[in-house]
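S.K.: Take the sequence shown: its position 108, counted from the start at 1, is 432 in this note's numbering, and no numbers get skipped. Glycine included, C-beta positions come from ideal geometry on N, C-alpha and C. All of these numbers come straight from a predicted model, not from anything done at the bench. Structure provided below as structure tokens; questions to follow.
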Amino acid sequence: MPPLLNEVSTDTTSPLIGIDVDDEFMGDARGGLGVHDHLLVPSLSLRLALCLQPATEPFVLHDETGPAMAMITWRSHYEGGAYHLPWPRTRGTMLLVSPAAFESLLTWGAGNLLIREVVYGDPSLADGADG
Numbered sequence: 325m326p327p328l329l330n331e332v333s334t335d336t337t338s339p340l341i342g343i344d345v346d347d348e349f350m351g352d353a354r355g356g357l358g359v360h361d362h363l364l365v366p367s368l369s370l371r372l373a374l375c376l377q378p379a380t381e382p383f384v385l386h387d388e389t390g391p392a393m394a395m396i397t398w399r400s401h402y403e404g405g406a407y408h409l410p411w412p413r414t415r416g417t418m419l420l421v422s423p424a425a426f427e428s429l430l431t432w433g434a435g436n437l438l439i440r441e442v443v444y445g446d447p448s449l450a451d452g453a454d455g
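Spelled out as structure tokens, the structure:
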């Protein structure tokens, strides 16, 4: 790490998780392999606070003890037709954190953390109709 990035504090307010809306690294995989739009990514502050490093598994970050954070995507409520492949109406992404990494995050945040759940999608899916 460069010298200025070795430490991170909770003195300033900033998100710890961001949304990758460009998906530039995916190329054409999003359309062909069903990669979810708007992938979640840990910020530099979060990676520094938990000492996270890339691992050999895709979408998994390790700390000094092993796997600490992983991104999971899902798709459901498939619709299809006679002339095209089925497509998912509901898709999602979440970041999972190991219990030890979560405890480290709580200790680092010292009561200054705010957890939010953000839902992005077609408003018709929230009307309660099961389709």
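(1) Kindly give me the distance between the Cβ atoms of Pro366 and Leu385, rounded to whole angstroms, as I take these residues to be in contact under 8 angstroms.
(2) Classify Glu403 as helix, strand or coil using the three-state DSSP reduction.
(3) So, are the CB atoms of Leu364 and Leu419 less than 9 angstroms apart?
(4) To the nearest angstrom, how far is it from the Cα of Val421 to the Cα of Phe383?
(5) To the nearest angstrom, how far is the alpha carbon of Ala507 from that of Trp398?
(6) At a cut-off of 8 angstroms, would you count Ala406 as near the ligand FAD, judging by its Cβ distance to the nearest heavy atom?
(7) Name the residue from Thr414, Trp432 and Ala394 whose alpha carbon lies nearest to the alpha carbon of His401.
(8) DSSP three-state label for Pro339, please.
M.R.: A quick look at the data gives this:
(1) Right, the Cβ-Cβ distance comes to about 7 angstroms (below 8 angstroms), so this counts as a contact.
(2) Of the three classes helix, strand and coil, the one that applies to Glu403 here is strand, per DSSP.
(3) Closer than 9 angstroms, so yes.
(4) The straight-line gap from Cα to Cα measures roughly 12 angstroms.
(5) Nothing can be reported for residue 507, as the shown portion of the chain is limited to 325 through 455.
(6) Judged by which ligands are present, the structure shown has none, so any question about the ligand FAD falls away.
(7) Looking at the Cα atoms, Thr414 is the closest of the given residues.
(8) Three-state DSSP puts Pro339 in coil, outside helix and strand.
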